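S.K.: As given, the protein sequences belong to chains L and W, one line each in that order. Taking the numbering used here, the leading residue of the first sequence gets 1, the next gets one more, and so forth. Taking the numbering used here, the leading residue of the second sequence gets 1, the next gets one more, and so forth. Got a structure for you, written out below as structure tokens; questions coming shortly.
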Amino acid sequence: MSAAATAAGYLYASGRLRGRSKDEEPEKKEESKPPARRRPIRIAALPEREMREPAPAPRARPAPRIEYRVRRWRPE
Amino acid sequence: MRLSLTKTAVDESGDRLLAREARWLRELEAVRELEGQVPRLLEEGTAADGRRYLVVSLASADDGGHAGETRAFTDDHARFLARLGKARFRATDFELSGCAEWLQRSLKKVAAFAAPEEYATLEEAFHDCETALLYWTGPYVAAQGDFAPWNIRTLGAQLFVSGWERARADASPLDDVLHYLVIQRALRLRPVTVRFLQSAMKRAREFALQAYPDWSWRPPVIGALTLVYLLGATLHHALERRRLERADPVVGAYWRLLEKRAAWMPQ
Chain L
1 MSAAATAAGY LYASGRLRGR SKDEEPEKKE ESKPPARRRP IRIAALPERE
51 MREPAPAPRA RPAPRIEYRV RRWRPE
Chain W
1 MRLSLTKTAV DESGDRLLAR EARWLRELEA VRELEGQVPR LLEEGTAADG
51 RRYLVVSLAS ADDGGHAGET RAFTDDHARF LARLGKARFR ATDFELSGCA
101 EWLQRSLKKV AAFAAPEEYA TLEEAFHDCE TALLYWTGPY VAAQGDFAPW
151 NIRTLGAQLF VSGWERARAD ASPLDDVLHY LVIQRALRLR PVTVRFLQSA
201 MKRAREFALQ AYPDWSWRPP VIGALTLVYL LGATLHHALE RRRLERADPV
251 VGAYWRLLEK RAAWMPQ
């Protein structure tokens, strides 16, 4: 068996099983600010890229193989 | 007045978990270094419906103060895990450890319901663990099994750790610390990126160097034990639900890391 989140973990993450935490940041009320003025979006046509050769396919990483087991020798 | 908690099973699997927890609490009671930091088993028995129940103590400070909670992995957490690890400790090779045996047994069980390509990924990941740990002898220790904020209360400089139904012996010495660091992020639906995992591995290495200074903690060993943790947690979820639920936030995040392990495992 290995470490795995229990049901308590899912409940905790959903906020339904949460005690007071030192790390909890206090909720801050956002001060009312006037809405920020957005800059108008500018779109420029990009120059055509030169045709390049397609990138070579990534070389498949050879899977490690163990052909025989090497065991450590230990004195009796 | 001290408080206690009664846990009652509702089905057979609950019975097994409570039986397991009772065994572990009895064992941990004998570990002097953990006194006051784990629940005491006050009572166990069978309820009227035939299901098992346990009564365990809860966290309480000697001065009557309240137990707190934190999400950070602090020195107190490291100290607790080091003490727990030494309570049941065995130095061995990965292939001979209970950890590897459990992974192999679980892989066989998962083969019954996983898709072939999913099984292949899991099997290759296990093979990579074996390869990377082939020449490493290290400590295999007692692990809590779900070492996370929901099972931990802070009592001043000490922790109180509950939820021992998933504890086990002969576990990877990094399982609990990695679980603490990674599971919270996965459950909060934040991306568990390669970069995040590498920072968790760095923290785990710092813990290992401090807790088990007599052993070698080269980056490839840390990487291999991280893979052991991710693989183990994925298999655990799969076995519980009898399927690989990649839509689950934890399984999904861990699965992506298993697939992308070449990106974060040190060579």
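Built from N, CA and C at the ideal position, the CB exists for glycine as well. The structure presented is a predicted model; accordingly, all values stated were derived computationally and were not measured.
Could you give the first and the last residue of the continuous alpha helix (DSSP H) run that contains W/Gly223?
M.R.: Element bounds for W/Gly223: 219-241.
S.K.: When DSSP labels each residue in this structure, what does W/Lys108 get in the three-state scheme?
M.R.: Note: W/Lys108 maps to helix in three-state DSSP.
S.K.: Output the distance between the C-alpha atoms of W/Ile222 and W/Val250, rounded to the nearest integer angstrom.
M.R.: Their backbone Cα atoms lie some 21 angstroms apart in a straight line.
S.K.: Mind checking the region 130-154 of chain W against chain L and listing, in chain order, the residues whose C-beta falls within less than 9 angstroms of any C-beta there?
M.R.: Listed by position, the residues of the region 130-154 of chain W near chain L (Cβ gap below 9 angstroms) are Glu130, Thr131, Ala132, Leu134, Tyr135, Thr137, Ala143, Gln144, Gly145, Asp146, Phe147, Ala148, Pro149, Trp150, Asn151, Arg153, Thr154.
S.K.: Who are W/Ser57's beta bridge partners in DSSP?
M.R.: Answer by DSSP bridge pairing, in chain order: W/Ser4.
S.K.: Indicate the three-state DSSP secondary structure (helix, strand or coil) for W/Phe89 in the structure shown.
M.R.: Residue state, collapsed to three classes: strand.
S.K.: Helix, strand or coil for L/Thr6, going by three-state DSSP, please let me know.
M.R.: Coil.
S.K.: Compute the Euclidean distance between the alpha carbons of W/Thr6 and W/Arg52, then round it to the nearest angstrom.
M.R.: Approximately 11 angstroms, taken between the alpha carbons.
S.K.: Along the beta strand (DSSP E) that carries W/Gln158, what are the first and last residues, could you check?
M.R.: Element bounds for W/Gln158: 158-161.
S.K.: Should L/Gly15 be labelled buried (16 or more other beta-carbon atoms within 10 Å of its own) or exposed?
M.R.: That one is exposed.
S.K.: Counting contacts by CB-CB distance shorter than 9 angstroms, is W/Leu187 in contact with chain L?
M.R.: So, interface residue.
S.K.: Please tell me whether W/Trp24 and W/Trp164 are closer than 9 angstroms, where the distance is taken between their beta carbons.
M.R.: Yes, the pair counts as a contact, with Cβ atoms nearer than the cut-off.
S.K.: Helix, strand or coil for W/Val10? Go by DSSP, reduced to three states.
M.R.: The answer is coil: DSSP assigns W/Val10 none of H, G, I, E or B.
S.K.: Can you list, in chain order, the residues of its chain whose CB lies under 6 angstroms from that of W/Arg88, leaving out five sequence neighbours each side?
M.R.: Only Ala142, Ala169 meet the Cβ criterion.
S.K.: Buried or exposed: W/Val228, going by 16 or more other Cβ atoms within 10 Å of its Cβ?
M.R.: Buried, by the Cβ-count rule.
S.K.: Is the beta carbon of W/Trp264 sitting closer than 9 angstroms to the one on W/Leu209?
M.R.: No, the Cβ-Cβ distance between W/Trp264 and W/Leu209 is not below 9 angstroms.
S.K.: Considering just the uninterrupted stretch of the alpha helix (DSSP H) at W/Thr121, what are its terminal residues?
M.R.: Where W/Thr121 is concerned, the enclosing alpha helix (DSSP H) stretches over 116-132.
S.K.: Pick out whichever of W/Val10, W/Leu231, W/Thr92 has its Cα sitting closest to the Cα of W/Leu134.
M.R.: With distances taken between Cα atoms, W/Leu134 lies closest to W/Thr92.
S.K.: Who are the neighbours of W/Gly45 on chain L, taking C-beta pairs under 7 angstroms?
M.R.: Within 7 angstroms Cβ-Cβ: nothing; W/Gly45 doesn't reach chain L, min ~23 angstroms.
S.K.: Here's a check: name, in chain order, each residue in its chain whose Cβ is nearer than 6 angstroms to the Cβ of W/Gly68, leaving out the five neighbours to either side.
M.R.: Answer for W/Gly68: Thr154, listed in chain order.
S.K.: Given this structure, state the Cα-to-Cα distance separating W/Glu117 from W/Arg242, to the nearest angstrom.
M.R.: The alpha-carbon atoms of W/Glu117 and W/Arg242 are separated by roughly 16 angstroms.
S.K.: Quick one: grab the DSSP three-state call for W/Glu33.
M.R.: Note: W/Glu33 maps to helix in three-state DSSP.
S.K.: Within 10 angstroms of its Cβ, does W/Arg205 collect 16 or more other Cβ (buried), or is it exposed?
M.R.: By the neighbour-count rule (16 or more Cβ atoms within 10 Å), W/Arg205 is buried.
S.K.: Nearest by alpha-carbon distance to W/Lys260: which of W/Val194, W/Asp214, W/Ala238, W/Gly252 is it?
M.R.: Of the listed residues, the one whose Cα sits closest to W/Lys260 is W/Val194.
S.K.: I'd like to know if W/Gly163 contacts chain L, where contact means its C-beta is closer than 9 angstroms to some C-beta of that chain.
M.R.: It does; some Cβ of chain L falls within 9 angstroms.
S.K.: Quick check on W/Glu165: does DSSP put it in helix, strand or coil?
M.R.: W/Glu165: coil per DSSP, three-state reduction.
S.K.: Can you pull the chain L residues whose beta carbon is under 8 angstroms from the beta carbon of W/Arg243, in chain order?
M.R.: Ordered by position in chain L, no residue passes the 8 angstroms Cβ test against W/Arg243, which lies about 15 angstroms from the chain.
S.K.: Excluding five sequence neighbours on each side, which residues of the same chain lie with their C-beta closer than 7 angstroms to the C-beta of L/Lys28?
M.R.: Bear in mind that the predicted position of L/Lys28 carries a pLDDT of just 41, short of 50, making it unreliable; the figure below should be weighed with that in mind. There are no such residues.
S.K.: Taking W/Ser60 as the reference, which of W/Arg2, W/Glu43, W/Glu101, W/Ala157 has the closest Cα?
M.R.: Checking every option, the nearest Cα to that of W/Ser60 belongs to W/Arg2.
S.K.: Using a beta-carbon distance cut-off of less than 7 angstroms, what residues from the region 179-209 of chain W approach chain L?
M.R.: The region 179-209 of chain W vs chain L, Cβ under 7 angstroms: His179, Ile183, Leu187, Arg188.
S.K.: Pick out whichever of W/Asp11, W/Ala82, W/Ser162 has its Cα sitting closest to the Cα of W/Ser57.
M.R.: When only C-alpha atoms are compared, the closest one is W/Ser162.
S.K.: For W/Asp175, which of helix, strand or coil comes out of DSSP?
M.R.: Helix.
S.K.: Ordered along the chain, which non-local residues of its own chain (more than five positions away) have a Cβ less than 7 angstroms from that of W/Gly98?
M.R.: Result list for W/Gly98: Tyr140, Ala169, Asp170, in chain order.
S.K.: Check the Cβ-Cβ distances between W/Arg166 and every residue of chain L, and say whether any is below 9 angstroms.
M.R.: Closer than 9 angstroms to some Cβ of chain L, the Cβ of W/Arg166 qualifies, so yes.
S.K.: Would you call the region 75-86 of chain W in contact with the region 210-218 of chain W, where contact means no fewer than 3 C-beta pairs closer than 8 angstroms?
M.R.: Judged by Cβ distances under 8 angstroms, the region 75-86 of chain W makes contact with the region 210-218 of chain W, as three or more pairs qualify.
S.K.: Pair every Cβ in the region 39-53 of chain W with every Cβ in the region 98-108 of chain W, then say whether three or more of these pairs are closer than 8 angstroms.
M.R.: No: fewer than three Cβ pairs fall under 8 angstroms.
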